[in-house]
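Undergrad: There's a structure below that I have some questions on.
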Amino acid sequence: MRLFLLAATFCGWCLRTGSALQIQCYQCEEFQLNNDCSAPEFIVNCTVNVQDMCQKEVMEKSFGIMYRKSCASSAACLIASAGYQSFCSPGKVNSVCISCCNTPLCNGPRPKKRGNAGATPRARVATTVLLLALPLASLQR
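Mind the numbering: the sequence shown is residues -20 to -1, 1 to 121 in mature numbering (1 follows the signal peptide of the UniProt record, and there is no 0), read in order.
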């Protein structure tokens, strides 16, 4: 709750003082075959106070992976992402995945895996399942 109040106060201060928030994203308008357009020449400044997110679209075709990246408004990006959710099956031909993020250059390349990164997601899943099971167990008593 304290973090939420701090964020709300900061946003209010930015609006009151006229401070504009601008994000940078990678952008390639046309699909780039096997090129994820994450080089410096694809970096753009998004429209201030309008485009507050970065969007990434990944299409898997039989001849390779195609990418499209851009700046987007949060509403447009989230609607597009939700609309294509049923078509997103990473690793399968004709999959279309759209993702949204709101930090600078977040639609760039995936970070390199370090060490034993494969164990981390499983640990989170196990913890989540355990935390969800605890209230159910207390109800059965």
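Ideal Cβ placement from N, Cα and C applies to all residues, glycine included.
With distances taken between CB atoms, is the gap from residue 8 to residue 17 smaller than 8 Å?
TA: Going by C-beta atoms, residue 8 is nearer than 8 Å to residue 17.
Undergrad: At which residue ranges does the stretch 30 to 56 contain complete beta strand (DSSP E) runs of 3 or more residues, listed in the order of the chain?
TA: Complete beta strand (DSSP E) runs here, min 3: 33 to 41 and 44 to 52.
Undergrad: Can you list, in chain order, the residues of its chain with a C-beta nearer than 6 Å to that of residue 77? Leave out the 5 residues immediately preceding and following it.
TA: Counting only Cβ-Cβ distances below 6 Å, and skipping sequence neighbours, we find 38 and 68.
Undergrad: In whole angstroms, give me the CA-to-CA distance for residue 97 and residue 28.
TA: Below a pLDDT of 50, predicted positions are generally treated as unreliable, and residue 97, at 44, falls in that range; no measurement from the model is reported.
Undergrad: Can you find the residues in the same chain that come closer than 8 Å, C-beta to C-beta, to residue 44, ignoring five residues on each side of it along the sequence?
TA: Excluding positions up to five away in sequence, the list reads 13 and 14.
Undergrad: Can you check which of these residues, 73, 31, 74 and 41, is closest to residue 57 by C-alpha distance?
TA: That would be 31, whose Cα lies nearest to the Cα of residue 57.
Undergrad: For residue 52, count the other beta carbons within 10 Å of its own beta carbon; 16 or more makes it buried, fewer makes it exposed. Which is it?
TA: It is buried - the Cβ of residue 52 has at least 16 other Cβ atoms within 10 Å.
Undergrad: Should residue 54 go down as buried or exposed, given a rule of 16 or more other Cβ atoms within 10 Å for buried?
TA: So residue 54 counts as exposed.
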